[in-house]
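Student: Chains as they are written, first to last, in my numbering: chain A, 1 to 262; chain B, 1 to 119. Even glycine gets a Cβ: it sits at the ideal position worked out from N, Cα and C. One structure is given below, represented as structure tokens, and several questions about it will come after.
Shown next as structure tokens:
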């Protein structure tokens, strides 16, 4: 493994790029938890709902650890967690809208949670010491999410009919934004690659395509034929768009803000 | 504050010669809030240090979103501060190496087994 990066040597552009990376990962985890939590009571079985509750807990734990990484840059994570409006959220576009059916949730588990794990694996192997120390625990917990998601993806795909059709629709809907996110190759991402925090865009994208190829093929999607969305927001490091306002309010905890006692 | 405090011993009467060892022994009285074995037995304490009245504890949690984090921090701090030779407790949250059930000690496993819990 390469030597850890001395964060005090970062220039302003590199520092901004690192903040963008940490925030897009943390926001995505926070929103993923919101989306999972909505299905604790709406999943197909009680057991599945309990799993969603457990996965929600994991996602919020990961978000907590990721936001806290901003402290290594002497940045208070509080304003990022609690004060931003929805147009500042940097979560992946796949999480912008509430999944309307169980097939869409399953697609999130495999494709969106999978994309987050691809990026986290890259960061965990890079030069960012804080990530090396924290991310392996997150990835260990994510193994269970993928087990759950992959089992359901196969089940829905194999069942044919409406279940398979809905899964295909959800898959085709979120893949372009996820491919753009994993394979981001703009100036800020290149800075992260240059100082060893991320693998190259090509390597990340190849890894992600390999990981999801067999799944999406089950619903007739050729991952190598899908292109990442071209509408990209360089400031936030995600596709153009934003999460719905209700999700942002819940992510910030607006309703009980006055009761937040540290 | 969580359960198990009624099992805590009285503070040590004398300043121990080996303070680090004494801290490990004191921590044996602090139970996990959900699983009634001690934090060292559960493998959550990664390191202990002591210097000039300051006890530094490196600890991890079983999960990144363990709901008992605050209970555990409070219990460790309160038990250690009951010792007159400890003025301050520094808790350092660590995640490397990641906790797995492999870190439960043999003594911890035996206790869990007696309670009908496999690990």
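Measure the CB-CB distance between residue 20 of chain A and residue 90 of chain A and report whether it falls below 9 Å.
Tutor: Translated into the one-based positions of the first chain, residue 20 of chain A becomes position 20. Translated into the one-based positions of the first chain, residue 90 of chain A becomes position 90. Yes, they are a contact pair.
Student: Please state whether DSSP places residue 89 of chain B in a helix, a strand or coil.
Tutor: Counting from 1 along the second chain, the entry for residue 89 of chain B is found at position 89. Here residue 89 of chain B sits in strand by DSSP.
Student: Rounded to a whole number of angstroms, what is the C-alpha to C-alpha distance between residue 132 of chain A and residue 161 of chain A?
Tutor: On the first chain, residue 132 of chain A is found 132 positions in, with the first residue counted as 1. On the first chain, residue 161 of chain A is found 161 positions in, with the first residue counted as 1. Their backbone Cα atoms lie some 44 Å apart in a straight line.
Student: Using a beta-carbon distance below 9 Å, is residue 61 of chain A in contact with chain B?
Tutor: Taking the first residue of the first chain as position 1, residue 61 of chain A is located at position 61. Yes, residue 61 of chain A counts as interfacial toward chain B.
Student: What runs of the beta strand (DSSP E), each 3 residues or longer, lie entirely inside the region 17–70 of chain B?
Tutor: Correct list: 45–51, 54–59.
Student: What's the gap between the Cα of residue 118 of chain B and the Cα of residue 13 of chain B?
Tutor: Sequence index remark: in the second chain, residue 118 of chain B carries index 118 (1-based). Sequence index remark: in the second chain, residue 13 of chain B carries index 13 (1-based). Cα to Cα, the separation comes out at about 38 Å.
Student: I'd like to know whether the C-beta atoms of residue 72 of chain B and residue 61 of chain B end up nearer to each other than 9 Å.
Tutor: What you label residue 72 of chain B is simply residue 72 of the second chain in a count that begins at 1. What you label residue 61 of chain B is simply residue 61 of the second chain in a count that begins at 1. Yes, the pair counts as a contact, with Cβ atoms nearer than the cut-off.
Student: Between the Cα of residue 39 of chain B and those of B:102, B:84, B:76, spot the shortest distance and give me the residue it belongs to.
Tutor: Within the second chain, the letter at position 39 stands for residue 39 of chain B. The option with the nearest alpha carbon to residue 39 of chain B is B:76.
Student: Take every Cβ of the region 8–15 of chain A, pair it with every Cβ of the region 26–44 of chain A, and state whether three or more of those distances are shorter than 8 Å.
Tutor: Cβ pair count under 8 Å is below three, so no.
Student: Using the C-alpha atoms, what's the distance from residue 57 of chain A back to residue 42 of chain B?
Tutor: Here residue 42 of chain B refers to the residue found at position 42 when the second chain is read from its first residue. Here residue 57 of chain A refers to the residue found at position 57 when the first chain is read from its first residue. Taking the straight line joining both Cα atoms gives about 21 Å.
Student: Which whole runs of the alpha helix (DSSP H) in the region 119–196 of chain A are 4 residues long or more, in chain order?
Tutor: The region 119–196 of chain A contains these whole alpha helix (DSSP H) runs: 129–159, 161–182, 187–194.
Student: Just to confirm the assignment, what range does the alpha helix (DSSP H) spanning residue 78 of chain A have?
Tutor: As a first step, residue 78 of chain A is located in the first chain; it is residue number 78 there, counting from the start. Run containing residue 78 of chain A: 78–82, per the alpha helix (DSSP H) assignment.
Student: Are the C-beta of residue 138 of chain A and some C-beta of chain B separated by less than 9 Å?
Tutor: Reading the first chain from its first residue, position 138 is the one you call residue 138 of chain A. Yes, residue 138 of chain A counts as interfacial toward chain B.
Student: What does residue 239 of chain A pair with, by DSSP beta-bridge criteria?
Tutor: Taking the first chain and counting its residues from 1, one reaches residue 239 of chain A at position 239. Bridge partners of residue 239 of chain A: A:232.
Student: Got a sec: is the Cβ-Cβ distance from residue 35 of chain A to anything in chain B below 9 Å?
Tutor: Taking the first chain and counting its residues from 1, the one referred to as residue 35 of chain A is at position 35. By this cut-off, residue 35 of chain A is not an interface position.
Student: What is the rounded straight-line gap between the Cα of residue 231 of chain A and the Cα of residue 183 of chain A?
Tutor: Taking the first chain and counting its residues from 1, one reaches residue 231 of chain A at position 231. Taking the first chain and counting its residues from 1, one reaches residue 183 of chain A at position 183. Spanning the two alpha carbons is a distance of roughly 13 Å.
Student: Determine whether the Cβ of residue 81 of chain A lies closer than 9 Å to any Cβ atom of chain B.
Tutor: Sequence index remark: in the first chain, residue 81 of chain A carries index 81 (1-based). With 9 Å as the cut-off, residue 81 of chain A does not count as an interface residue toward chain B.
Student: Can you check whether the C-beta of residue 57 of chain A is within less than 9 Å of a C-beta belonging to chain B?
Tutor: Taking the first residue of the first chain as position 1, residue 57 of chain A is located at position 57. It does; some Cβ of chain B falls within 9 Å.
Student: Among A:108, A:92, A:25, A:241, which one has its Cα closest to the Cα of residue 122 of chain A?
Tutor: Along the first chain, read from residue 1 onward, the residue named residue 122 of chain A stands at position 122. For residue 122 of chain A, the nearest C-alpha among the options comes from A:25.
Student: Consider the Cβ of residue 77 of chain B: report whether some Cβ of chain A lies at a distance smaller than 9 Å.
Tutor: The count along the second chain starts at 1 and reaches residue 77 of chain B at position 77. So no, residue 77 of chain B is outside the interface.
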